[in-house]
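Student: Each protein sequence line maps, in turn, to chains A and B. 83 is the number that the working numbering gives to position 83 of the first sequence; each next residue is one higher, with no gaps. 1120 is the number that the working numbering gives to position 120 of the second sequence; each next residue is one higher, with no gaps. Even for Gly, the Cβ is constructed at its ideal location relative to N, Cα and C.
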Amino acid sequence: MEINVLYYLLPSLVMFCCGIYGFLTRKNMIAMLISLELMLNAVDINFTVINRFIYPDGQEGMFFSLFAIAIAAAETAMAIAIIINLYRVNKNVDVRDANKLQG
Amino acid sequence: MEILYTIVALAIIIFSVLTVTTRKILRAATYLLFTLFGAAIIYFMMDYEFLGAVQIAVYAGGIVVLFVFAILLTTKPGHNSEKLESRRRGWGICAAVLTAGITGYALLSRCCSLLGAKPDMEFLTMNKLGEYMLSTDRGGYLLPFEAVSVLLLACIIGAVAVARKR
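#1: Check whether chain A comes within 7 angstroms of B:Y1126, counting only Cβ atoms and requiring the distance to be less than that.
#2: Would B:V1054 pass as a contact of A:I69 if the rule is Cβ separation under 7 angstroms?
#3: Along chain B, in chain order, which residues have C-beta atoms closer than 7 angstroms to that of A:N46?
#4: In this structure, does DSSP put A:D94 in helix, strand or coil?
#5: How should A:F53 be labelled, buried or exposed, when 16 other C-beta atoms within 10 angstroms of its C-beta is the threshold for buried?
#6: Name the chain A residues whose beta carbon is nearer than 9 angstroms to that of B:G1062?
#7: Can you tell me the Cβ-Cβ gap for A:I71 and B:V1064, rounded? I've got them flagged as a contact below 8 angstroms.
#8: Can you tell me which of B:L1153, B:G1158, B:A1159, B:M1121 puts its alpha carbon nearest to the alpha carbon of B:M1045?
#9: Does the structure place the segment 22–31 of chain A close enough to the segment 1075–1091 of chain B that three or more beta carbon pairs sit under 8 angstroms?
#10: Any C-beta of chain A sitting closer than 7 angstroms to the C-beta of B:V1150?
#11: How would you call B:T1006, buried or exposed, if buried means at least 16 neighbouring beta carbons within 10 angstroms?
#12: For chain B, check one thing: does any of its Cβ atoms lie closer than 7 angstroms to the Cβ of A:N90?
#13: Going by CA-CA distance only, name the one from A:A31, A:V49, A:P11 that's closest to A:A79.
#14: Among the residues of its own chain, which have a CB less than 8 angstroms from the CB of A:L66, if the five just before and after it don't count?
#15: With a threshold of 7 angstroms on Cβ separation, who are the neighbours of B:M1133 within its own chain once the five nearest residues in sequence on each side are excluded?
#16: Buried or exposed for B:I1157, going by 16 or more other Cβ atoms inside 10 Å?
#17: Could you tell me whether the segment 74–90 of chain A touches the segment 12–25 of chain A, where touching means 3 or more Cβ pairs closer than 8 angstroms?
#18: In chain order, what are the residue ranges of uninterrupted alpha helix (DSSP H) at least 4 long that sit wholly in the segment 1067–1152 of chain B?
Quick look at the structure:
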């Protein structure tokens, strides 16, 4: 068996679809954030694998993944700060209850 | 290599499915940790050692711990999330399967020219990586590097400002 680029893209595709499913079905905000992390990671794997297999001379995909990881960390920290702040107001972290700003 | 690949691919698939289907949120965070480790092993298999180390340090070491803290602060331990309504679950499965179908079709129909074993690559040493990061030439990444440092500073201040008690 020769492992080519498709073999690596398959698990990342499954990971991305799991992320979509979780993001659409969960109501707990932290669970939605976890699904978002799954999707981000699938995309990072794709960038790296395609960089390595198809353009091994450059390092663009690898650096893109590196910066994407840094930005995802910042985004998660901010999102968790917002969720904890919302928890003080609502006493739970359900997205359906986060409607205080609706007119 | 084949054996390692099979184990990692199966682990990623199984644990990412478990992450979104389990009803205990703390378990979802734990399964997410295993999925992230699988991704790190894929980076190591691609010969990007630094990226794999960053993945383990930032995601497994930082983000998952942050998730666990937030979960323990906001939910009672052992609490099950409520059962999904079948309509909502149907929409979710529909969207996921549709994405998988379209993307899989695009992959299989366009990718035949790209197949082949892993080509050789010059090993990316830390020296070279540092030069890439801090150079302004073609293929240098000084601007995104500095932008990320400003972003992280803004994020620290923002997180403190948002979460502080009034």
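Tutor: Concretely, from the data shown:
#1: Sequence inspection shows Met at residue 1126 of chain B; the Tyr mentioned does not correspond to that position. Chain A, which has no Cβ nearer than 7 angstroms to the Cβ of B:M1126, makes this no.
#2: Contact annotation: B:V1054 and A:I69 have beta-carbon atoms nearer than 7 angstroms.
#3: Correct list: empty, because the minimum Cβ distance to chain B is about 10 angstroms.
#4: A:D94 carries a strand assignment under DSSP once its states are collapsed to helix, strand and coil.
#5: Looking at its Cβ environment, which holds 16 or more other Cβ atoms inside 10 Å, A:F53 is buried.
#6: A73, T76, A77, listed in chain order.
#7: Incorrect: roughly 17 angstroms between the Cβ atoms, too far for contact.
#8: Looking at the Cα atoms, B:M1121 is the closest of the given residues.
#9: Of all C-beta pairs linking the segment 1075–1091 of chain B to the segment 22–31 of chain A, three or more are shorter than 8 angstroms, placing the two stretches in contact.
#10: Output row for B:V1150: interface = no.
#11: Exposed, by the Cβ-count rule.
#12: Output row for A:N90: interface = no.
#13: Distance check between A:A79 and each of A:A31, A:V49, A:P11 places A:A31 closest, using alpha-carbon atoms only.
#14: Cβ within range, chain order: n/a, list empty.
#15: Y1141, F1145.
#16: B:I1157 sits exposed, since fewer than 16 C-beta atoms from the chains shown fall within 10 Å of its C-beta.
#17: Flag = no, the segment 74–90 of chain A and the segment 12–25 of chain A do not touch.
#18: Along the length of the segment 1067–1152 of chain B, whole alpha helix (DSSP H) runs at least 4 residues long occupy 1086–1110, 1126–1133, reported in chain order.
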